[in-house]
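Enquirer: I am attaching a structure below and will ask some questions about it afterwards.
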Amino acid sequence: MTTKPSDAPWADEPFHLIATPSKRLTNSHSYVYAASEMTNAHNAIIRGLNAIVQQAPHVPIATNEEYSAQDVKDLLFYVQSWVKMVNHHHWVEESFIFPEVERFSGRPGLMAEPRHQHELFHDGMDRLLVYASTMKPENHRWEGPGGMKEIVDSFAHHLVNHLHDEIDVLLAMKDLDSTGLKKTWEQAEVLAKQTGNIGMLVSLTYPATKSWKRI
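What follows is the structure, given as structure tokens:
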């Protein structure tokens with residue numbers, strides 16, 4: 293077993309990760325904490341997307357002699373899990389973080405831009421989840437019309453741009469009450485932990501259907 297660092301890009305490409313604010317900012321204000329914690333979550337999303345983009349092209353399809361139905365099922369399962377994780381993250385933002393930040397700051401519309409950006413990739417994410425949930429392994433394609441790549445390409449840049457931009461929004465909150473922002477963030481973390489668990493993926497252990505409910 294070697295300990296030599298690999299030259300492989302792994303999941304840090306093609307979409308760039310976000311620099312963690314706390315690595316360069318020493319301010320004790322809670323906006324640094326909020327932006328850093330959000331960065332950690334966003335980098336997990338980006339790494340998940342990068343893994344799909346890097347690995348999916350190498351999963352043999354049915355016309356390839358190395359095709360394995362189980363390998364395709366595993367890929368589809370991973371994609372479903374990733375989409376559900378992203379959906380849960382944005383559900384917490386839209387249902388609690390965004391309105392609560394606007395409430396305690398007294399600035400209606402403060403989170404309007406991040407909320408609008410969600411709409412730019414929502415349909416593409418929905419299409420990807422339907423694809424991964426309903427596609428039969430033998431019909432799966434990465435390339436070509438209606439393939440997984442086409443769906444991912446339809447929303448990936450909108451998603452990644454949003455993940456980067458939202459950190460800038462949080463970094464601009466240095467003038468807000470630090471205690472109030474910290475309280476909001478702690479409540480959001482509790483909500484995320486209470487609703488984000490293995491139960492999110494339970495449906496994935498059963499045969500996929502054409503109907504699904506967004507978290």
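Numbered by the numbering used here, the letters in the sequence shown go through residues 293 to 507 in order. Using N, Cα and C, we set each Cβ at its ideal position, and we do this for glycine too. Only a predicted model underlies this, so the values are computations on that prediction, with no experimental measurement involved.
Once DSSP output is grouped into helix, strand and coil, what is the label at ALA327?
Expert: Stepping through the sequence shown from its first residue, residue 327 is reached at position 35. ALA327: helix per DSSP, three-state reduction.
Enquirer: Going straight from the alpha carbon of GLY401 to that of GLU394, what length do you get?
Expert: Sequence index remark: in the sequence shown, residue 401 carries index 109 (1-based). Sequence index remark: in the sequence shown, residue 394 carries index 102 (1-based). Looking at the backbone, the Cα of GLY401 and that of GLU394 are separated by about 7 Å.
Enquirer: Is GLN486 buried or exposed, if buried means 16 or more other CB atoms sit within 10 Å of its CB?
Expert: Here the question's residue 486 lines up with position 194 in the sequence shown. So GLN486 counts as exposed.
Enquirer: Go through its chain and collect everything with a Cβ distance to VAL482's Cβ below 8 Å, but skip five positions before and after it.
Expert: Residue numbering aside, residue 482 sits at position 190 when the sequence shown is read from its first letter. Excluding residues within five positions, none has a Cβ falling inside 8 Å.
Enquirer: Do LYS441 and HIS321 come within 7 Å of each other at the CB atom, strictly closer than that value?
Expert: Translated into the one-based positions of the sequence shown, residue 321 becomes position 29. Translated into the one-based positions of the sequence shown, residue 441 becomes position 149. The answer is no: Cβ separation not under 7 Å.
Enquirer: Whole angstroms is fine: what's the gap from PRO313's alpha carbon to THR355's?
Expert: Reading the sequence shown from its first residue, position 21 is the one you call residue 313. Reading the sequence shown from its first residue, position 63 is the one you call residue 355. Distance between the alpha carbons of PRO313 and THR355 is about 47 Å.
Enquirer: Hey, could you find the ends of the alpha helix (DSSP H) GLY472 is sitting in?
Expert: Translated into the one-based positions of the sequence shown, residue 472 becomes position 180. Taken as a continuous stretch (DSSP letters only), the alpha helix (DSSP H) holding GLY472 covers 470 to 487.
Enquirer: Taking only three categories from DSSP, how would you classify ARG399?
Expert: Here the question's residue 399 lines up with position 107 in the sequence shown. Looking at ARG399 - three-state DSSP - the assignment turns out to be coil, as it is neither helix nor strand.
Enquirer: With a threshold of 8 Å, are at least 3 pairs of Cβ atoms found where one atom belongs to the region 339 to 350 and the other to the region 469 to 477?
Expert: Note that the region 339 to 350 does not touch the region 469 to 477; fewer than 3 beta-carbon pairs, one per stretch, sit closer than 8 Å.
Enquirer: Buried or exposed for HIS334, please, with buried defined as at least 16 other CB atoms from any protein chain shown within 10 angstroms of its CB.
Expert: Along the sequence shown, one-based indexing puts residue 334 at 42. By the 10 Å Cβ count, HIS334 comes out buried.
Enquirer: Work out the CA separation of THR476 and ILE389 for me, nearest whole Å.
Expert: Position 97 of the sequence shown, counting from 1, holds the residue named residue 389. Position 184 of the sequence shown, counting from 1, holds the residue named residue 476. Between ILE389 and THR476, the C-alpha separation is close to 7 Å.
Enquirer: Taking the alpha-carbon positions, what's the LEU412 to GLU357 distance?
Expert: Locating residue 412 in the sequence shown gives position 120, counting from the first residue. Locating residue 357 in the sequence shown gives position 65, counting from the first residue. For LEU412 and GLU357, the distance between alpha carbons rounds to 38 Å.
Enquirer: Would you decide whether ASN342 is buried or exposed? Buried here means 16 or more other CB atoms lie within 10 Å of its CB.
Expert: Here residue 342 refers to the residue found at position 50 when the sequence shown is read from its first residue. Classified as buried, ASN342 has 16 or more neighbouring CB atoms from the shown chains inside 10 Å of its CB.
Enquirer: Provide the residue span of the alpha helix (DSSP H) that contains LEU421, from first to last.
Expert: Here residue 421 refers to the residue found at position 129 of the sequence shown. Judged by DSSP secondary structure, LEU421 falls within the alpha helix (DSSP H) whose first and last residues are 404 to 426.
Enquirer: Please classify HIS308: does DSSP put it in a helix, a strand, or coil?
Expert: The count along the sequence shown starts at 1 and reaches residue 308 at position 16. Residue state, collapsed to three classes: coil.
Enquirer: Using only the alpha-carbon positions, how far apart do GLY439 and LEU473 sit?
Expert: Numbered from 1 along the sequence shown, position 147 holds the residue referred to as residue 439. Numbered from 1 along the sequence shown, position 181 holds the residue referred to as residue 473. If I take the Cα positions, the gap works out to 43 Å.
Enquirer: Is GLU435 helix, strand or coil when you go by DSSP?
Expert: Here residue 435 refers to the residue found at position 143 when the sequence shown is read from its first residue. Coil at GLU435, not helix or strand.
Enquirer: CA-CA distance, LEU496 and GLN372?
Expert: Counting from 1 along the sequence shown, the entry for residue 496 is found at position 204. Counting from 1 along the sequence shown, the entry for residue 372 is found at position 80. A caution first: LEU496 carries a pLDDT of 45, below 50, which makes its placement in the model unreliable, though a value can still be read off. Roughly 8 Å between the two C-alpha positions.
Enquirer: Does DSSP put ASN453 in a helix, a strand or coil?
Expert: On the sequence shown, position 161 is the one that residue 453 refers to. Helix.
Enquirer: Taking Cβ to Cβ, would you say LEU309 is nearer than 7 Å to ILE338?
Expert: The residue you call residue 309 lines up with position 17 of the sequence shown. The residue you call residue 338 lines up with position 46 of the sequence shown. Yes, the Cβ-Cβ distance between LEU309 and ILE338 is below 7 Å.
Enquirer: Between ARG419 and ILE443, which are expected to be in contact by the criterion C-beta below 8 Å, what is the C-beta distance as a whole number of angstroms?
Expert: Numbered from 1 along the sequence shown, position 127 holds the residue referred to as residue 419. Numbered from 1 along the sequence shown, position 151 holds the residue referred to as residue 443. Sure, about 5 Å apart at Cβ, within 8 Å.
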